[in-house]
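In my numbering, the protein residues as written are 5 to 125. Note sheet for the following structure.
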Amino acid sequence: MSYRKKIAVMLPLLLIAATTIYVNKFFTSIGSFTYHFSVAFLIILIILFFSNRDIFNSWKKFSIVFMIISIVIISLAPEISDGFIEYSKKYLSQKLSVLFLIISLGIIIWKSIQLKKKSLK
5 MSYRKKIAVM
15 LPLLLIAATT
25 IYVNKFFTSI
35 GSFTYHFSVA
45 FLIILIILFF
55 SNRDIFNSWK
65 KFSIVFMIIS
75 IVIISLAPEI
85 SDGFIEYSKK
95 YLSQKLSVLF
105 LIISLGIIIW
115 KSIQLKKKSL
125 K
């Protein structure tokens, strides 16, 4: 299956997941994690749909590693933090999804610049 078909399958699933969780207000630790990351994935996958296969493959390698690390970090975090520094599951899922979005955009931009330089040579 081509990468565009994979993205075309993932986009509606992420959109359905994000809207279902938002409408139901199901913001437990799993719901919050799913909602925040599905919004980030939705934005990235729309951009990747119009990009090159090499860019998609580079991003895919990063996203698999990042998602595994994020799941471990969020699963180890407490449900509610009671200290000076907030590190609850909801807070971490928000911050990690924003970090995922920023790094993903950076990878997409960096890889597209590399491919343009390579094609000019």
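Built from N, CA and C at the ideal position, the CB exists for glycine as well.
Only counting the same chain, and skipping five residues up and downstream in sequence, which positions put a Cβ closer than 6 Å to that of residue i?
i	result
Met5	none
Phe30	Any reading at Phe30 needs caution, since the residue's pLDDT is 48, under 50, leaving its predicted position unreliable; the model's value is listed next. Nothing listed; no residue qualifies.
Leu100	Ser74
With distances taken from CA atoms, which of the options is nearest residue i?
i	options	result
Tyr95	Phe88, Ile84, Arg57, Asn61	Ile84
Tyr39	Leu109, Ile20, Tyr91	Ile20
Lys66	Ile111, Leu119, Leu49	A small correction: the amino acid at residue 66 is Phe; Lys does not occupy that position in the sequence shown. Minimum Cα distance to Phe66 is reached at Ile111.
Leu119	Lys93, Tyr91, Ile59	Ile59
Complete beta strand (DSSP E) runs within the segment 47 to 114 (minimum length 3 residues, chain order): With a minimum length of 3 residues, no continuous beta strand (DSSP E) run stays inside the segment 47 to 114.
Closer than 8 Å is the cut-off here; do at least three beta carbon pairs connect the segment 40 to 60 with the segment 97 to 108? Contact between the segment 40 to 60 and the segment 97 to 108 is present: 3 or more CB-CB pairs across the two stretches fall below 8 Å.
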